[in-house]
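**Student:** If you scroll down you'll find the structure; I have some questions about it.
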Amino acid sequence: MTVTGIITALIVGLIIGALGRLVVPGKQNIPLWLTLVIGVVAALLGTALARFSGLADTRGIDWWEIIFQVAFAAIGVALVAGVGGRRGRRAL
Numbered sequence: 019m020t021v022t023g024i025i026t027a028l029i030v031g032l033i034i035g036a037l038g039r040l041v042v043p044g045k046q047n048i049p050l051w052l053t054l055v056i057g058v059v060a061a062l063l064g065t066a067l068a069r070f071s072g073l074a075d076t077r078g079i080d081w082w083e084i085i086f087q088v089a090f091a092a093i094g095v096a097l098v099a100g101v102g103g104r105r106g107r108r109a110l
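Shown next, in the form of structure tokens:
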């Protein structure tokens with residue numbers, strides 16, 4: 019992978035991660051670097067799912083691929099924010 023490919027993956031990951039955070043209701047107390055990691059993983063999983071289902075190579079914008087990526091990012095953000103939120107609470 020070239021430097022350009024790595025930078026592109028990071029930018030796409032940040033955008034997908036941010037979109038995933040926007041989709042999940044409420045405030046998520048997770049750092050930016052974790053949003054980036056979730057976004058990169060979600061972008062890879064969404065692309066794999068779109069290719070597996072035959073929806074990745076269409077004319078124009080691959081809307082299904084983007085939907086899959088954002089959905090995976092939202093699930094990842096919700097899971098991480100939920101686990102992090104439980105750690106911060108004290109048992110009564």
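Converting from the sequence shown to this note's numbering requires adding 18 to each position, the first position being numbered 1.
From the three backbone atoms N, C-alpha and C, an ideal C-beta is built for every residue, glycine too.
Does DSSP put Q87 in a helix, in a strand, or in coil?
**Tutor:** helix
**Student:** Taking only the alpha-carbon atoms, compute the straight-line gap between N47 and V88 and give it to the nearest angstrom.
**Tutor:** 19 Å
**Student:** Assign G35 to one of two classes, buried (16 or more other C-beta atoms within 10 Å of its C-beta) or exposed (fewer than that).
**Tutor:** buried
**Student:** By the DSSP assignment, the alpha helix (DSSP H) with T53 in it spans what residues?
**Tutor:** L50 to F70
**Student:** Quick one, which of I56, V41 and K45 has its alpha-carbon nearest I29's?
**Tutor:** Considering only I56, V41 and K45, the residue with the shortest C-alpha distance to I29 is I56.
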